[in-house]
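Q: Residue numbering for the sequence shown follows the numbering used here, starting at 3 and increasing by one per position. Note that the Cβ used here is the ideal one computed from N, Cα and C, for glycine as well. A quick note: this is a predicted structure, and the numbers were derived from the prediction, not measured. There's a structure below that I have some questions on.
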Amino acid sequence: MMYVSSQRAPAYIADCLESKLSRVRMSRVGDATEIAVGSDSNNSYFVTLTPYNAGSVIKVMHPANAPDDPPEPEMRVDIARCAT
């Protein structure tokens with residue numbers, strides 16, 4: 003699990019991640035945006051974007067038995083690019 007804070011709004015980060023990653027599904031739960039990355043039957047990552055002050059808190063979970071699609075280093079770079 004990884005937590006990151008950003009001065010970017012959740013909507014900006016969600017749009018950015020959607021443009022960089024394939025097989026992305028988004029949903030809203032209250033104020034949070036939830037993003038599932040990977041195939042419908044076996045998600046690789048779960049990303050939660052929560053508003054915080056003027057920015058966001060980004061939570062990334064990678065289940066232990068999940069595939070590395072995309073590979074973790076690529077996912078980290080995409081999150082860093084979208085968060086800054």
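Going by DSSP, which residues form a beta bridge with Val-59?
A: Start at 1 with the first residue of the sequence shown, and residue 59 comes out as number 57. For Val-59, which the question treats as bridged, DSSP gives the partners Ser-7, Thr-52.
Q: Label Asn-45 either buried or exposed according to how many other C-beta atoms from any shown protein chain fall within 10 Å of its C-beta, with 16 as the threshold for buried.
A: Here residue 45 refers to the residue found at position 43 of the sequence shown. With 16 or more other Cβ atoms within 10 Å, it is buried.
Q: Within 10 angstroms of its Cβ, does Val-49 collect 16 or more other Cβ (buried), or is it exposed?
A: To locate residue 49, count along the sequence shown from 1; it is residue 47. By the 10 Å Cβ count, Val-49 comes out buried.
Q: Output the distance between the C-alpha atoms of Ser-8 and Asp-33, rounded to the nearest integer angstrom.
A: For the purposes of this step, residue 8 is identified with residue 6 of the sequence shown, where counting begins at 1. For the purposes of this step, residue 33 is identified with residue 31 of the sequence shown, where counting begins at 1. Rounded to whole angstroms, Ser-8 to Asp-33 spans 16 Å at the Cα level.
Q: Relative to the C-alpha of Glu-36, which candidate in Asp-70, Pro-12, Ser-24, Asp-80 has its C-alpha closest?
A: Here residue 36 refers to the residue found at position 34 of the sequence shown. It is Pro-12.
Q: Thinking C-alpha only, which one of Val-31, Met-3, Gly-40 is nearest Asp-70?
A: Sequence index remark: in the sequence shown, residue 70 carries index 68 (1-based). With distances taken between Cα atoms, Asp-70 lies closest to Gly-40.
Q: Just the Cα atoms here: how many angstroms apart are Arg-27 and Asp-42?
A: Numbered from 1 along the sequence shown, position 25 holds the residue referred to as residue 27. Numbered from 1 along the sequence shown, position 40 holds the residue referred to as residue 42. Cα to Cα, the separation comes out at about 9 Å.
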